Structures are given as C-alpha cells and as structure tokens.
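Heads up, the final residue of the sequence shown is numbered 345 in the UniProt record's numbering, and it's a clean run with no missing numbers.
The beta-carbon is built from N, C-alpha and C at its ideal position, and this holds for glycine as well.
Predicted model only: the values in this text are computed from it and were never measured.
Working notes for the structure below.
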Amino acid sequence: MRLAAFIIVLLVLAGAAVYATLNSFNYFDDVERSFAGQCTPVTGIAGPEDIQIDAARSRVFISSRDRRTKESRGAIHVFDIANPLSAEGWRDMTMGRPTRFKPLGLDYYEDDEVRRLFVVNEAGKSVEMFDVNNDGMLVHLETFSEPRLTSPNNVVAVGRRSFYVTNDVQPGRDTRIGRIQFLTRQASGQVFFTNGASWRVAAEGLRFANGIEASADGARIYVAETAGGAVKVYDRDLETDMLSLVQTIRLDASPDNITVDDAGALWVAALPQPLSLPAHAGNPKKYAPSEVIRIGADGAPRTVYRDDGRELSAATTAARLGGTLIIGALYDEKFLICDLPAGEI
1 MRLAAFIIVL
11 LVLAGAAVYA
21 TLNSFNYFDD
31 VERSFAGQCT
41 PVTGIAGPED
51 IQIDAARSRV
61 FISSRDRRTK
71 ESRGAIHVFD
81 IANPLSAEGW
91 RDMTMGRPTR
101 FKPLGLDYYE
111 DDEVRRLFVV
121 NEAGKSVEMF
131 DVNNDGMLVH
141 LETFSEPRLT
151 SPNNVVAVGR
161 RSFYVTNDVQ
171 PGRDTRIGRI
181 QFLTRQASGQ
191 VFFTNGASWR
201 VAAEGLRFAN
211 GIEASADGAR
221 IYVAETAGGA
231 VKVYDRDLET
241 DMLSLVQTIR
251 LDASPDNITV
261 DDAGALWVAA
271 LPQPLSLPAH
281 AGNPKKYAPS
291 EVIRIGADGA
301 PRTVYRDDGR
311 ELSAATTAAR
321 LGGTLIIGAL
331 YDEKFLICDL
341 PAGEI
C-alpha cells in the first residue's frame, strides 16, 4: 500500500510539473486574430525564417529553406518590395556557394565602400559572409567558425568583418539535452563577438539566445531570449565590444528574430505558444500561432499582429519599411506583405 501511495504521489507531482510547464508557455491559451491592416501572401518561398531590409534600394533579403526536408540546401532570395512578383525574387542569389548551406539568421551591412550579407549556416555551425552586387547577387567571401559556437542562431554585423552571433543553447538546439534546457529554461545561451580574427563571449546566461540586432549607432545590442520570454537590451562598449545588460523587456510570448526600423523601434516576431511548434513541424495542417510585437522608445511592448496560424504559422521575423510590414515564418512556404494602419507607421 505504501509503495502504491508513493507511486500515486509521484504521478501527481509529475502531472503537476507537466501542467505547470505547458501553462507557462501559454499552451492552453486561445489565440485570436488581431491586425488592423491587410496582408498579402507571397508563396513559393520555403521557410522564410529571417528577413533583412536594404532600405536604400527598397529590397529585402530572405533566408529560406525547406526545414521539413532535413538535408535540403537552402537559399537566399532578394525581393523588390515595390514589385514582389518579379521572377527574380524566386532565384537563389548565392550561386550555389557554399555547397552545404542551411541558412538561418542573417544581417545586411553597408558602409561607404562595401555591401555585405552575413548568414548563419546551420550546416557548418558557422557564419558565411557574402559581397552583395548591385543586382543582389551574392559572392561568397569567407566562412567564420569557432569550436565554442555549437548552436549559432542569428547574427548582427557591426563592421566589415566584425559581428555578434547568438549561440542559443550550448548542447545544441536539436539535441535532447538542448530541448530539455529550453523546456526548463536553463540559462546556457551566449552571445559571441568576433573581429574576424579572434572570438570572445560578449554576453552569457541567456535562456535560449535567438534573434539579435543593433541600434543604428551600434551603441546598443538587442537579444531575443526565447525561453525567457524577453528581449534583453545591452549597452555596447565601442572600444572593447563587450556588452552590459541595462534592461529586460518582458513579453507574453517567446520572441524569435528582431529588426530595428528607421525610427529606432524594435519589431519582434514571436510565438504565443512555442510548444505548438513540434506538431506543426511534423504536419503543416497543425497550426502554430504567430505574433508581431512593436517596442517603441518607451520600452513598452505592443502587439501589432496576432494570428492563430491559419494565415501564417510560427512567425519568426518581421521587418518594417515605411507603411509595409513583411513577416516570415519557420516552415510555411510563403511570407506576408502587410499594409500597416497609419497608427503603426
């Protein structure tokens, strides 16, 4: 009898722990569509996970890969925002280099002399650097890797060969230990900095370090803490490139990628129910809700777009240019071009 009672207590405690975990990730919440604007899908682009805007040329770079086919090679697409149905948009601009290429996060960098695209490559646990031609074609220049960079997720460039890159969980996000660390919110995530020659840890103790972005002047770095449900704000020492945490912005969702618009506002794509993602990964008919959050100068998050996943599942990136918001996703074979209401511009 004592053994039976002990087993019952263990089962009750285990059930309570599972329920608490599910509830903490909003698993039981209802997600209703909320958006004051209008969205148009652009189809035929598999898994448009990250988007970067080249505002001067009114074009976007899109990281794309069919993630339901594990060994598929990914692509980088360039779309003209004014003419998104141009056939050029569906062309892979990498010209097949590197051969093993599974792109994830990316960042566009430009100064007076160069235009470059930095792309996280899951296949090599590396960051690829491309020159960007006038027509958007990409010329592969260099591969950056580091033994401690075990699970790179996203990148932000702060110089011609200098960048920060997130390492979401040290064991790797696709490992069993990595998944457990996500569910238990273990703080093993890091941000690395490299000047192209040497590497160092610039920030650590993050609960799944995901998207990363910089302010226009490069003095602040923003990091999405997916398992922590927050955006971390760091001051950047422009001489040492070390990061100092100055603010944590709490969200009622799990943030993925971050972009900064021309007014300095953050646009954060997020998962209201992150634990719906595994089912969606295995079956596109099982939806994963999406959310886009704007964080203005006051640091207050405000939901701009929310959907139960029927229009777009598992949004991972959102970028604004003028009155247009572009939203990408992890698995869907489409991205959205949305007209923002006047109050959100």
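Where residue i sits in the DSSP three-state scheme
i	result
glycine 309	coil
glutamate 88	helix
leucine 330	coil
valine 18	Residue placement at valine 18 is flagged as unreliable, the pLDDT there being 49, under the threshold of 50; the coordinate-derived value follows with that caveat. Here valine 18 sits in helix by DSSP.
phenylalanine 6	Its pLDDT being 45, under 50, phenylalanine 6 is placed unreliably by the model, and nothing is read from it.
aspartate 339	strand
Residue i, buried or exposed, once every other Cβ within 10 Å from all chains shown has been counted against 16
i	result
isoleucine 221	buried
alanine 263	exposed
glutamate 32	exposed
leucine 325	buried
threonine 226	buried
arginine 65	buried
asparagine 133	exposed
lysine 102	buried
isoleucine 177	exposed
leucine 238	exposed
arginine 294	buried
glycine 328	buried
serine 188	buried
glutamine 52	buried
serine 34	exposed
glutamate 71	exposed
threonine 240	exposed
glycine 196	exposed
threonine 184	exposed
alanine 17	Low per-residue confidence applies at alanine 17: pLDDT is 45, beneath 50, and the placement is therefore not dependable enough to give any value.
aspartate 307	buried
Limits of the alpha helix (DSSP H) - the one that residue i falls within
i	result
glutamine 181	176-183
leucine 275	From DSSP, leucine 275 is part of no alpha helix (DSSP H); its letter is neither H nor E.
Integer Cβ distance of residue i from residue j, believed to fall under 8 Å
i	j	result
alanine 253	glutamate 204	The pair is not a contact, with the Cβ atoms about 23 Å apart (cut-off 8 Å).
leucine 104	aspartate 174	With 8 Å as the limit, leucine 104 and aspartate 174 do not qualify as a contact, their Cβ atoms being about 12 Å apart.
isoleucine 249	valine 223	Contact doesn't hold; Cβ gap of about 11 Å is too wide.
alanine 315	tyrosine 331	In fact, because the Cβ distance is near 11 Å, the residues do not count as touching under 8 Å.
proline 152	valine 120	5 Å
glutamine 190	alanine 209	6 Å
alanine 75	threonine 94	6 Å
tryptophan 90	glutamate 146	No, tryptophan 90 and glutamate 146 are not in contact; Cβ-Cβ is about 34 Å, not under 8 Å.
alanine 46	glutamate 333	5 Å
glycine 296	alanine 265	5 Å
asparagine 257	threonine 317	4 Å
valine 268	glycine 218	Between glycine 218 and valine 268 the Cβ distance is about 20 Å, and since that is not below 8 Å, they are no contact.
arginine 160	valine 127	About 14 Å; that fails the 8 Å criterion.
Enclosing beta strand (DSSP E) for residue i [first to last residue]
i	result
alanine 318	315-321
asparagine 283	Careful: asparagine 283 lies outside any beta strand (DSSP E) and carries neither H nor E.
valine 292	290-295
leucine 117	115-121
*Unbroken beta strand (DSSP E) runs of length 3 or more, entirely within the segment 23-111: which are they?*
If we require 3 residues or more, the beta strand (DSSP E) runs fully inside the segment 23-111 come out as 38-43, 48-54, 59-64, 75-80, 103-110.
*Quick one: which unbroken beta strand (DSSP E) runs of 3-plus residues sit fully inside the UniProt domain "SMP-30/Gluconolactonase/LRE-like region" (129-270)? Chain order, please.*
Counting only unbroken stretches of 3 or more residues, the beta strand (DSSP E) elements lying wholly within the UniProt domain "SMP-30/Gluconolactonase/LRE-like region" (129-270) are 138-145, 152-157, 163-167, 189-194, 199-206, 209-214, 220-225, 230-236, 243-250, 254-260, in sequence order.
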